[in-house]
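**Q** Residue numbers (UniProt numbering): 1 to 176.
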Amino acid sequence: RPRVGTRAQGRSAILEKFGGAAKGPAPHLRRSGGAATVKTMLLEWCRARTRGYPVSAGGGGGRVRGRRGGGLTPLSAQHVDVQNFSGSWGSGLAFCALLHSFFPDAFDFAALEPEARRENFALAFATAEERAGCAPLLEVEDMVRLPVPDAKCVYTYVQELYRCLVAKGLVKTKKR
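1) According to DSSP, what are the bridge partners of HIS79?
2) Would you decide whether ARG51 is buried or exposed? Buried here means 16 or more other CB atoms lie within 10 Å of its CB.
3) Around the Cβ of MET143, are there at least 16 other Cβ atoms within 10 angstroms (buried) or fewer (exposed)?
4) When DSSP labels each residue in this structure, what does ASN84 get in the three-state scheme?
5) Would VAL55 pass as a contact of GLN78 if the rule is Cβ separation under 7 Å?
6) I'd like the list of long-range same chain contacts for ARG47, defined as Cβ closer than 6 Å, with 5 residues on each side in sequence excluded.
7) When you compare the CB positions of ALA128 and LEU161, do they come within less than 7 Å of one another, or not?
8) Under three-state DSSP, which class holds PHE103?
9) Rounded to the nearest angstrom, what separates CYS164 and PHE95 at their Cα positions?
10) Return the residue from the list VAL166, VAL38, TYR157, ARG118 that minimises the CA-CA distance to SER91.
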């Protein structure tokens, strides 16, 4: 007779008690992907919601150094560009653009300046709390302390904002 380990015996006892092996995860827990898929989906959602928002409309018609070639680029040609959950959020404009896309009457996005990081974060977090009911998970001081925000903090905050917007019926999700 083959020797059966205690781990296998324990599994057998559980299977007997509950009527056999499960046939996949419970229907309400099925997902098409893991955490990476959720993170990618949330990043794409942020990109879609902030697409076309200018980086600095407040100066109107000004020019800044371009990224390549050292030439001058009209400010109106630069837009909020969400590429990740860290550096893309450093000026606070991505948070403001995301919130402005849901609450355009909350503030004048065109008046915001990328250099005014503290004011941008304060405006975004206050708007998220007042209009979306989003818990104040981030502090303005924490965001301005470092030139590049912590990706985990930003991701967690955006997840909470998304959850609050879904709860208010402002974001439609697929029925499970």
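Note that the Cβ used here is the ideal one computed from N, Cα and C, for glycine as well.
**A** Taking the geometry as given:
1) PRO54
2) exposed
3) buried
4) coil
5) yes
6) VAL82
7) yes
8) coil
9) 15 Å
10) ARG118
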